[in-house]
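Chemist: Residue numbering for the sequence shown follows this note's numbering, starting at 75 and increasing by one per position.
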Amino acid sequence: MLFSTDKFFHRERHCQEHNKKPRCLVPKPVGYKKPFPWPKSRDYAWFKNVPFKKLTEFKKPQNWVRLEGDLLIFPGGGSSFTKGVEVYVKEITRMVPLKSGSIRTVLDVGCGVASFGAFLMDYNILTMSIAPIDQHQAQVQFALERGLPAMLGILSTHRLPFPSRSFDMAHCSRCLVQWTNYDGLYLIEIDRVLRPGGYWVLSGPPISWKVRSKKWEQPQVMEKEQNRLEDLARRLCWKKVAERGHIAVWRKPTNHLNCIKMSRTWKSPRFCINSDPDAGCTDKVSSMGNECHTFDAKKNNLSIVYERGLIGTYMNWCEAFDTYPRTYDLIHAYGVFSMYMNKCDILDILLEMYRILRPEGAVIIRDHVDIIVKLHGITDRIRWHSKTSLKTSLSLRLSLTPWHNISTHCTLQVSVKLAWTTPIEPVVRPDLLAYIAGEAFGVVRRVKVVAEAMAIAATTITVESSTWVSWGGKEGKRVDGMAWVFD
């Protein structure tokens, strides 16, 4: 299907209809090897893991990535920093206080292989790197293979999947975004995700027309484009901090009191009437996270994540996530399947988790017991090795409340995606039956838990409002007032 090129709509994600979704397991590439451990992965990756040679040839003069034997080497070059990202960042530090600690989160638009974000880690700065699928062939997948936070993304017809006021700095190095088109729509979006007092760093065209330009870049055209850009930045009430060589820096004001008065004489951009800048942008999505990304269910919660100096994105588990296969080492999902039980098939969610997990990656699922039981059969079918822990942090916790409001929770073992080549025999799991009696109500609550066959020396269950408990026919002993131990 052909899509319109207007506003780069053809670069946006386009999901298939639900009844046309492929239900299959994405195998690893032939010759796949376990990625290098961090921090070595920042500089090296196995070519067979991301077997795309086009980028190494097309960007060879700019030193993005080199192919040496079966290794991909990332020397830290880029379109605007052919001398290396270290020299480039040092130029920026003369204009932006990267070392002061005031900048913690950065958005890198048109990130390439994310060398800029990789180097900012030395400054204790987290960078969300985004780029679309284009002729450069899987540049974001190179970044992900390096172990860097990155995702597919483009300034197009939809807002970026981040809360307003999320980033301390936004960066564009020769990202070729037409910032002044469509009444400044794309720069307004950068203004939305920038915090008050945040910085916008732009390098390459049109700023570079004074110092260097390609043959196809006409200096007169780029000069006019920079003038339009300067005018748009003024109407956004941004203050130009500095311009040195091919780099320019603007700063967003900490408040817009003066800007509101000035904007009455402008046709655009106008201030939003709604006090919530994210109104109409997001809906309830999934609650999920790991060290690098946090996928949050409520938009206000994700804002808190950014306020803590962490990074994340909105997502919907009923659709494919904006990333490549084999992205993550670990997925932690708390209440995800309960949330989506009536929205889409849980098999589709598990298949998507399978797609974005690396071979031998793990998923920790915490949810209600009945959902965990249902998941067990599916995880066997997709060749996951699962374990249910009934103790400590990965524990079966049965909490008794009044009968009309009883709540039972369980943590699914850890499911590990295997680097499979042949079907794996399912592990036999006997049923463990727990009977919990509440003396005050004179009733018995029967809870069925499916667990992996294993020798359990002792299991501790925390119980509220209970005077008698049995587990598998064994009577429990009260310990510390509220715990029962079954030997």
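Built from N, CA and C at the ideal position, the CB exists for glycine as well. Please read all numbers here as calculations on a predicted model, not as lab measurements.
Use the C-beta contact count for Leu421: other C-beta atoms within 10 angstroms, 16 or more gives buried, fewer gives exposed.
Modeler: With fewer than 16 Cβ atoms within 10 Å of its Cβ, Leu421 is classed as exposed.
Chemist: From Asp144, Gly258, Lys114, Pro111, pick the residue whose C-alpha is nearest to that of Thr105; which is it?
Modeler: The sequence as given places Gly at residue 105; Thr does not occur at that position. Checking every option, the nearest Cα to that of Gly105 belongs to Asp144.
Chemist: With H, G and I counted as helix, E and B as strand and the rest as coil, what does DSSP make of Tyr388?
Modeler: Three-state result, Tyr388: coil.
Chemist: Could you have a look at Arg455 and say whether DSSP puts it in helix, strand or coil?
Modeler: DSSP places Arg455 in helix when its eight states are reduced to three.
Chemist: Taking all protein chains shown into account, do 16 or more other C-beta atoms lie within 10 angstroms of the C-beta of Trp120, making it buried, or fewer, making it exposed?
Modeler: Buried, by the Cβ-count rule.
Chemist: Buried or exposed, going by whether 16 or more other CB atoms sit within 10 Å of the CB of Phe77?
Modeler: It is exposed - the Cβ of Phe77 has fewer than 16 other Cβ atoms within 10 Å.
Chemist: Quick one: give me the first and last residue of the alpha helix (DSSP H) that Pro297 is part of.
Modeler: It is Glu, not Pro, that sits at residue 297 in the sequence shown. Element bounds for Glu297: 293-309.
Chemist: With a threshold of 8 Å on Cβ separation, who are the neighbours of Arg318 within its own chain once the five nearest residues in sequence on each side are excluded?
Modeler: Once the five neighbours on either side are set aside, the close Cβ partners of Arg318 are Glu165, Arg168, Met169.
Chemist: Considering Cα atoms alone, identify which of Arg266, Phe236, Val275 is closest to Ala244.
Modeler: Ala244 has its Cα closest to that of Val275, out of Arg266, Phe236, Val275.
Chemist: Keeping to the same chain, check which residues put their C-beta closer than 6 Å to that of Arg248; ignore five residues upstream and five downstream.
Modeler: Once the five neighbours on either side are set aside, the close Cβ partners of Arg248 are Ser153, Ser154, Gly278.
Chemist: Quickly, what does DSSP pair Val443 with across the bridge? List them, please.
Modeler: Answer is none; Val443 lacks a bridge partner.
Chemist: So what does His88 bridge to, in DSSP terms?
Modeler: For His88, which the question treats as bridged, DSSP gives no partner whatsoever.
Chemist: Looking at C-beta atoms only, is the number of pairs between the region 254-262 and the region 422-438 that lie closer than 8 Å three or more?
Modeler: Cβ pair count under 8 Å is below three, so no.
Chemist: Start and end of the alpha helix (DSSP H) containing Ser412?
Modeler: 410-414 is the span of the alpha helix (DSSP H), which, as asked, contains Ser412.
Chemist: Only counting the same chain, and skipping five residues up and downstream in sequence, which positions put a Cβ closer than 6 Å to that of Thr495?
Modeler: Per-residue confidence for Thr495 stands at a pLDDT of 33, beneath the threshold of 50, marking its modelled position as unreliable; the derived number appears in the next sentence. So the list is empty, once near-sequence residues are dropped.
Chemist: Candidates Asp265, Ala322, Leu218, Ile207: which alpha carbon is nearest Arg85's?
Modeler: Of the listed residues, the one whose Cα sits closest to Arg85 is Ile207.
Chemist: Are the CB atoms of Ala188 and Ala212 nearer to each other than 7 Å?
Modeler: The answer is no: Cβ separation not under 7 Å.
Chemist: Report the rounded CA-to-CA distance for Asn93 versus Leu425, giving the unit in angstroms.
Modeler: For Asn93 and Leu425, the distance between alpha carbons rounds to 15 Å.
Chemist: From which residue to which residue does the beta strand (DSSP E) around Thr179 run?
Modeler: Thr179 -> beta strand (DSSP E) spans 179-183.
Chemist: Around the C-beta of Trp112, are 16 or more other C-beta atoms found within 10 angstroms, so that it is buried, or is it exposed?
Modeler: It counts as exposed.
Chemist: Look up Tyr106 in the DSSP assignment and say whether it is helix, strand or coil.
Modeler: Looking at Tyr106 - three-state DSSP - the assignment turns out to be coil, as it is neither helix nor strand.
Chemist: For the candidate residues Met427, Leu376, Ile385, Val379, whose alpha-carbon lies nearest to that of Arg400?
Modeler: Out of Met427, Leu376, Ile385, Val379, Met427 has the C-alpha closest to the C-alpha of Arg400.
Chemist: Once you ignore the five residues that flank Gly271 on each side, which residues in its own chain have a CB closer than 6 Å to its CB?
Modeler: Only Thr328 meet the Cβ criterion.
Chemist: When burial is assigned at 16 or more other CB atoms within 10 Å of the CB, is Gly227 buried or exposed?
Modeler: Classification for Gly227: buried.
Chemist: Please identify the residue among Lys81, Tyr408, Ala205, Ala307 whose C-alpha is closest to the C-alpha of His442.
Modeler: Looking at the Cα atoms, Tyr408 is the closest of the given residues.
Chemist: Pick out the complete beta strand (DSSP E) segments inside the region 240-294, 3 residues or longer, and give them in chain order.
Modeler: 241-247, 268-277, all fully within the region 240-294.
Chemist: Is Val163 helix, strand or coil by DSSP?
Modeler: Three-state DSSP puts Val163 in a helix.
Chemist: How far does the beta strand (DSSP E) with Arg220 in it extend, from its first residue to its last?
Modeler: Per DSSP, Arg220 belongs to no beta strand (DSSP E) and is neither H nor E.
Chemist: Can you give me the Cβ contacts of Lys107 inside the same chain, cut-off strictly under 7 Å, excluding the 5 residues immediately before and after it?
Modeler: Correct list, in chain order: Trp120, Lys122, Asn123.
Chemist: Looking at the structure shown, is Pro135 part of a helix, part of a strand, or coil, going by DSSP?
Modeler: Correct three-state label for Pro135: helix.
Chemist: What's the gap between the Cα of Glu142 and the Cα of Lys133?
Modeler: When rounded, the distance between both Cα atoms is 15 Å.
Chemist: Taking the Cβ atom as the reference point for each residue, do Thr387 and Pro235 lie within a distance shorter than 7 Å?
Modeler: Cβ atoms of Thr387 and Pro235: closer than 7 Å.
Chemist: How would you label Gln215, buried or exposed, when you count the other beta carbons within 10 angstroms and need 16 or more for buried?
Modeler: Gln215 should be labelled buried.
Chemist: Whose C-beta lies closer than 6 Å to the C-beta of Met202 among residues of the same chain, with five residues either side of it excluded?
Modeler: These residues qualify, in order along the chain: Leu181, Pro223, Ile385.
Chemist: In angstroms with no decimal places, state the Cα-to-Cα distance between Ser238 and Val379.
Modeler: Approximately 12 Å between the Cα atoms of the pair.
Chemist: Relative to the ligand HEM, is the shortest distance from any of its heavy atoms to the C-beta of Glu142 smaller than 6 Å?
Modeler: Summarising the ligand content, the structure contains no ligands, and the ligand HEM is consequently not present.
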